[in-house]
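In what follows, a structure is listed as structure tokens, so that the remarks can point back to it.
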Ligand code: MLT
Ligand code: MN
Ligand code: ZN
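Numbering (my numbering), first residue to last: 3 to 306.
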């Protein structure tokens, strides 16, 4: 299977339009060694033709322009996006649905009932899309293996995990199973597995088991320290309160990734613009390299 990273940044992107943190200012002025990144999305395919889009980023039009496989040009109106899977209902993962409204059919959309509810009430993208192409909603099953008929050669296993629900959700700060998920993508022919979880706030046993079973983990790289946003004066919330395990410190992502076999490919994704790992000359970036951990970037292709 092939995973194409469409956008490796967290909500806001990098640089964020209104941000003058050392990273955003640094990448704008060229003072730091870093690449801009768009907001959180990946595409996956087993045949290079039928792609499952994981999350629909506000930056999707730019992402499609930069990844020709998503515009195969077989007809006047065409797309390589054969299905859309949402891992939560956050702005950075759903706003791109508006940009896909010109589709000539209903989009096959896979998400949990909780995510569908948030996209029907708090942020009513789905009813609005009924004025355009609309979506065919498929209940994303938790726990059981499933396939998506429009995406041949791949199988999926989703599990609920603890992160956070969006501010417009009735479950904000009290997330329920189904508000956030992690997904294992399985190549049906080779049985090789990728575990994808861009929002992961707590390492539960089921999540850890999925990570141990994977050949590649593509996991939450939002913030380096738990109080990163507080110290910058950008937020009152810790990383964990926002539903993101920080990389450094006890029970941080690095500590967990260190426990995986050396043969597991370890990649951080959904990186917030304040995170020092974006600066490729930073000590934090070097520390990740010492632990064999990669940092996803837009356009990264992962062949599994
Ligand atoms: C998050 O995952 O916490 C989001 O990126 C927040 C947002 O999109 O504003
Ligand atoms: Mn996010
Ligand atoms: Zn910034």
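For every residue, glycine included, the Cβ atom is placed at its ideal position computed from N, Cα and C.
In this text the structure is predicted, and so the values were computed from the model without any measurement.
- What is the rounded straight-line gap between the Cα of residue 211 and the Cα of residue 187? Rounded to the nearest angstrom, the two C-alpha atoms are 14 Å apart.
- Query: Looking only at its own chain, which residues have a Cβ that is under 8 Å from the Cβ of residue 191, when we skip the five neighbours before and after it?
  - Reply: Beyond the five residues adjoining it in sequence on each side, residue 191 comes within less than 8 Å, by CB distance, of 48 and 155 in the same chain, given in chain order.
- Message: Just verifying my parser: in three-state terms, what is the DSSP assignment at residue 253?
- Response: Residue state, collapsed to three classes: coil.
- Message: For residue 184 and residue 272, which I take to be in contact (beta-carbon distance under 8 Å), what is that distance rounded to the nearest angstrom?
- Response: With 8 Å as the limit, residue 184 and residue 272 do not qualify as a contact, their Cβ atoms being about 12 Å apart.
- Going by the CB atoms, is the gap between residue 205 and residue 260 shorter than 9 Å? No; because the gap between Cβ atoms is not below 9 Å, this pair is not in contact.
- Query: Does the Cβ-Cβ distance between residue 124 and residue 172 come in under 9 Å?
  - Reply: Going by C-beta atoms, residue 124 is nearer than 9 Å to residue 172.
- Query: Just reading off the beta strand (DSSP E) that residue 296 is part of, what are its end residues?
  - Reply: In the DSSP annotation of this structure, the continuous segment of the beta strand (DSSP E) that includes residue 296 starts and ends at 295 to 297.
- Query: Span of the beta strand (DSSP E) holding residue 113?
  - Reply: Per DSSP, residue 113 belongs to the beta strand (DSSP E) from 109 to 113.
- Task: Please find out if some non-hydrogen atom of the ligand ZN comes closer than 8 Å to the beta-carbon of residue 276.
- Result: Correct: residue 276 has its Cβ closer than 8 Å to the ligand ZN.
- Message: Count Cβ pairs between the stretch 149 to 165 and the stretch 97 to 108 that sit closer than 8 Å; are there 3 or more?
- Response: Counting Cβ pairs under 8 Å, fewer than three are found: no touch.
- Item | Contact between the stretch 4 to 15 and the stretch 274 to 293 (3+ Cβ pairs under 8 Å) | Contact between the stretch 4 to 15 and the stretch 274 to 293 is present, with at least three C-beta pairs closer than 8 Å.
- Task: Taking only heavy atoms of the ligand MN into account, decide whether any of them is closer than 8 Å to the Cβ of residue 95.
- Result: Distance from the C-beta of residue 95 to the nearest heavy atom of the ligand MN is below 8 Å.
- What is the DSSP secondary structure of residue 208, counted as helix, strand or coil? Helix.
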